[in-house]
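All letters in the sequence shown, in the order written, are residues 522 to 692 by our numbering.
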Amino acid sequence: MRLPPFEKYTKGLQMFGMLLLGMVVGAVVYNSLYQAQFEALISLKSELEIQLEQYEQDISNLKEFKHQHTVIKSILPRIELEAGQNAGRPQLDKMTEAELIRRIKADLSVFIGQSIYEIDSNAQFARKLLSKRVYNEVLEKDYEVEVKTMLVVDNVLQLWVKVRLHDRGPS
Numbered sequence: 522m523r524l525p526p527f528e529k530y531t532k533g534l535q536m537f538g539m540l541l542l543g544m545v546v547g548a549v550v551y552n553s554l555y556q557a558q559f560e561a562l563i564s565l566k567s568e569l570e571i572q573l574e575q576y577e578q579d580i581s582n583l584k585e586f587k588h589q590h591t592v593i594k595s596i597l598p599r600i601e602l603e604a605g606q607n608a609g610r611p612q613l614d615k616m617t618e619a620e621l622i623r624r625i626k627a628d629l630s631v632f633i634g635q636s637i638y639e640i641d642s643n644a645q646f647a648r649k650l651l652s653k654r655v656y657n658e659v660l661e662k663d664y665e666v667e668v669k670t671m672l673v674v675d676n677v678l679q680l681w682v683k684v685r686l687h688d689r690g691p692s
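Have a look at this one:
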């Protein structure tokens with residue numbers, strides 16, 4: 522059996538190989554751009570869902586307590602950055618931070634509707650509630666939350682909390 526001479530097609534095969542290689546590289550670049558845009562979209566969606574939930578909750582609380590001017594109407598936890606020491610503080614992404622804020626709000630929801638003049642007795646309760654509180658399974662990690670400062674301004678209970686990764690220890 523006779524084989525055709527491939528020396529005639531060397532240039533054509535090289536060009537076809539380059540075309541195929543260009544298609545593969547182009548597909549990889551396109552897929553990486555698509556993946557980055559999709560991740561940004563997912564992040565934006567989760568942030569907007571959290572904001573929508575917060576706004577709906579604030580609206581319902583404001584409607585409920587609109588004639589009472591001396592009660593706590595909403596809770597605003599803030600995660601505090603440690604000045605100069607980022608080694609002890611975990612790098613929190615937006616979804617983890619939002620989930621921690623949601624859980625803190627759920628724990629402190631008993632303060633909504635309470636008088637702002639009785640916050641001194643409630644502050645001790647909140648400190649006991651959140652002093653070194655461990656939140657398990659927040660996006661596959663455990664976090665330890667500690668209240669540093671509580672402040673009531675314009676019927677909003679504002680909290681500054683410090684977050685650390687929780688070491689489970691030997692199991």
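Every residue, glycine too, gets a C-beta built ideally from N, C-alpha and C.
From residue i to residue j, what does the alpha carbon distance come to, in whole angstroms?
i: E585; j: S595; result: 11 Å
i: L629; j: T670; result: 14 Å
i: I528; j: M522; result: Per the sequence shown, residue 528 should be read as Glu rather than Ile. Going by the C-alpha atoms only, they are around 18 Å apart.
i: V546; j: F559; result: 20 Å
i: Q589; j: S652; result: 30 Å
i: V682; j: V666; result: 6 Å
i: V673; j: V631; result: 15 Å
i: R624; j: K566; result: 19 Å
i: V655; j: K662; result: 10 Å
i: Y576; j: I633; result: 15 Å
i: Y530; j: L554; result: 36 Å
i: K649; j: M616; result: 26 Å
i: K532; j: P525; result: 15 Å
i: D614; j: L569; result: 15 Å
i: A561; j: E574; result: 20 Å
i: Y638; j: A557; result: 49 Å
What I want to know is whether the C-beta of residue i ends up closer than 8 Å to one or more non-hydrogen atoms of the ligand PLP.
i: L629; result: Although the ligand PLP was asked about, the structure shown includes no ligands whatsoever.
Is it buried or exposed for residue i, if we count other Cβ within 10 angstroms and need 16 for buried?
i: E620; result: buried
i: L541; result: exposed
i: K626; result: buried
i: I580; result: exposed
i: P678; result: Per the sequence shown, residue 678 should be read as Leu rather than Pro. Classification for L678: buried.
i: N582; result: buried
i: L660; result: exposed
i: L680; result: buried
i: P598; result: buried
i: Y664; result: buried
Using alpha carbons as the reference points, say which of the options lies closest to residue i.
i: N676; options: L554, K587, S567; result: K587
i: Q645; options: V668, K662, R623; result: V668
i: H687; options: V674, E658, L534, L672; result: E658
Rounded to the nearest angstrom, how far is the Cβ of residue i from that of residue j, given a contact under 8 Å?
i: V592; j: S636; result: 6 Å
i: I622; j: V684; result: Incorrect: roughly 10 Å between the Cβ atoms, too far for contact.
Is there at least one Cβ from chain D nearer than 9 Å to residue i's Cβ?
i: S652; result: Chain labels in this structure do not include chain D; a single protein chain is all it has.
#### Entry: In chain order, each alpha helix (DSSP H) run of at least 4 residues that lies wholly inside the region 583–633
615–628
### Task
Please specify which runs of the beta strand (DSSP E), each continuous and at least 3 residues long, are wholly inside the region 635–678, giving them in chain order.
654–659, 662–674
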